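Chemist: Residue numbers (this note's numbering): 3 to 259.
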């Protein structure tokens, strides 16, 4: 009987050790992604701006489903503005609809961390959703520029979708060259801006800027069709419908690290 008790005790101890080991390994493998959103909310003429909801919610839920730990940051911190047009019925994708009844997700977006408080070393990758608003407050933002450059120098994935690639405008290498020079990228096209009649709400053409910086710009043959490209650890998506393939590429890049 004593031998049996000793055997059971030893077995339980072994199971406990295995459980602790599994938990430790799991914790070590859990990835952390920083999502950077805009703080820009209104144009001088009163037009309301903000992030395009689908471009945040699709990667947000997809990454969470894969047990990625997320932190949401913005230049000003606090409540991130949402482009009101992106909540119109015609643009409400399943992930956007889910967000509108998800109090926890809403609380996260209403309480973003200030960009100056985050460091690349604490994360495995960074993701920039779009909307027209990021074109106004991210390309010239020194904190955003430094953050992206730090992720690049640490050889971590950097992903951008739709107008999010505007944040790449002033990113340079240590040699002083533009980071996207010679790299294959995509982003919201001139055709999409013109067809969508949104040329009046942007400070510059995203497609033209990417080309002027020396990037090899590519786009879908079908406007607003899902399209994402990857060049090394740089991942870009063309439009709102590209949020999912962009996030999928980011997940694959994280898995390969």
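In this text, a Cβ means the ideal position worked out from N, Cα and C, and glycines have one as well. Remember, it's a predicted structure, so these values are computed and weren't measured experimentally.
Give me the Cα-Cα distance between residue 244 and residue 190, rounded to the nearest whole angstrom.
Modeler: Numbered from its first residue, the chain shown carries residue 244 at position 242. Numbered from its first residue, the chain shown carries residue 190 at position 188. So the two alpha carbons sit approximately 10 Å from each other.
Chemist: Taking DSSP as the reference, what is the three-state secondary structure of residue 28?
Modeler: Residue 28 sits at position 26 when you count from the first residue of the chain shown. The predicted position of residue 28 is uncertain, since its pLDDT is 42 and thus under 50; a value taken from the coordinates is nonetheless stated next. Here residue 28 sits in helix by DSSP.
Chemist: Report the rounded CA-to-CA distance for residue 106 versus residue 179, giving the unit in angstroms.
Modeler: As a position in the chain shown, residue 106 is number 104, starting the count at 1. As a position in the chain shown, residue 179 is number 177, starting the count at 1. One C-alpha to the other measures close to 42 Å.
Chemist: Tell me the DSSP secondary structure of residue 162 in three-state form.
Modeler: In the chain shown, counting from the first residue as 1, residue 162 sits at position 160. Strand at residue 162.
Chemist: Excluding the 5 residues preceding and the 5 following residue 135 in the sequence, name in chain order all residues of the same chain whose CB lies nearer than 6 Å to its CB.
Modeler: Here residue 135 refers to the residue found at position 133 when the chain shown is read from its first residue. Excluding positions up to five away in sequence, the list reads 40, 42, 51, 52.
Chemist: Quick one: residues in its chain with C-beta nearer than 7 Å to the C-beta of residue 220, no 5 flanking neighbours on either side, listed in chain order?
Modeler: Taking the first residue of the chain shown as position 1, residue 220 is located at position 218. 186, 188, 231, listed in sequence order.
Chemist: Count the other CB atoms within 10 Å of the CB of residue 32; is the residue buried (16 or more) or exposed (fewer)?
Modeler: Position 30 of the chain shown holds residue 32. By the neighbour-count rule (16 or more Cβ atoms within 10 Å), residue 32 is not buried but exposed.
Chemist: Comparing C-alpha positions only, which one of 121, 148, 162, 153 sits nearest to residue 260?
Modeler: Lying outside 3 to 259, the shown extent of the chain, residue 260 is not represented and no answer is given.
Chemist: Measuring CB to CB, does residue 55 end up less than 8 Å from residue 249?
Modeler: Position 53 of the chain shown holds residue 55. Position 247 of the chain shown holds residue 249. Contact: no.
Chemist: Select from 226, 169, 205, 60 the residue whose C-alpha is nearest the C-alpha of residue 197.
Modeler: Within the chain shown, numbered from 1, the residue matching residue 197 stands at position 195. Ranking the options by Cα distance to residue 197, first place goes to 226.
Chemist: What would DSSP say about residue 23, mapped onto helix, strand or coil?
Modeler: Here residue 23 is taken as the residue at index 21 of the chain shown, counted from 1. Only weak support exists for where residue 23 lies, its pLDDT of 42 falling under 50; the value from the coordinates is given anyway. Helix, per DSSP.
Chemist: Skipping 5 residues on each side, what residues in its chain have a beta carbon closer than 8 Å to that of residue 35?
Modeler: For the purposes of this step, residue 35 is taken as the residue at position 33 of the chain shown. Excluding positions up to five away in sequence, the list reads 65, 70, 71, 72, 73, 125, 126, 127, 128, 129, 252, 256.
Chemist: Find the nearest neighbour of residue 254 within the set 236, 241, 177, 132, judged by alpha-carbon distance.
Modeler: Residue numbering aside, residue 254 sits at position 252 when the chain shown is read from its first letter. Comparing Cα positions, the closest option is 236.
Chemist: Find the nearest neighbour of residue 177 within the set 193, 202, 151, 38, judged by alpha-carbon distance.
Modeler: In the chain shown, residue 177 corresponds to position 175, counting from 1. The shortest C-alpha separation from residue 177 is found at 151.
Chemist: Restricting to Cα atoms, I'd like to know which of 156, 165, 194, 143 is closest to residue 172.
Modeler: Here residue 172 corresponds to residue number 170 of the chain shown, with the count starting at 1. The shortest C-alpha separation from residue 172 is found at 143.
Chemist: What did DSSP end up calling residue 129 once you bin it into helix, strand or coil?
Modeler: For the purposes of this step, residue 129 is taken as the residue at position 127 of the chain shown. Three-state DSSP puts residue 129 in a strand.
Chemist: Here's a check: name, in chain order, each residue in its chain whose Cβ is nearer than 6 Å to the Cβ of residue 78, leaving out the five neighbours to either side.
Modeler: The residue labelled residue 78 in the question sits at position 76 within the chain shown. Result list for residue 78: 41, in chain order.
Chemist: My output table needs one value for residue 121: the three-state DSSP class, helix, strand or coil.
Modeler: What you label residue 121 is simply residue 119 of the chain shown in a count that begins at 1. Coil at residue 121, not helix or strand.
Chemist: Please classify residue 232: does DSSP put it in a helix, a strand, or coil?
Modeler: Taking the chain shown and counting its residues from 1, the one referred to as residue 232 is at position 230. Correct three-state label for residue 232: strand.
Chemist: Let me know if residue 206 comes out buried or exposed under the rule of 16 or more other beta-carbons within 10 Å of its beta-carbon.
Modeler: On the chain shown, position 204 is the one that residue 206 refers to. Classification of residue 206: exposed, given that the 10 Å Cβ count is below 16.
Chemist: For the beta strand (DSSP E) containing residue 73, list its first residue and its last residue.
Modeler: Your numbering for residue 73 matches position 71 in the chain shown. Unbroken beta strand (DSSP E) run through residue 73: 71 to 76.
Chemist: Just to check my reading of the structure: residue 148 and residue 183 have Cβ atoms closer than 8 Å, yes? What is that Cβ distance to the nearest angstrom?
Modeler: Position 146 of the chain shown, counted from the start, is the residue given in the question as residue 148. Position 181 of the chain shown, counted from the start, is the residue given in the question as residue 183. That pair is no contact at about 19 Å.
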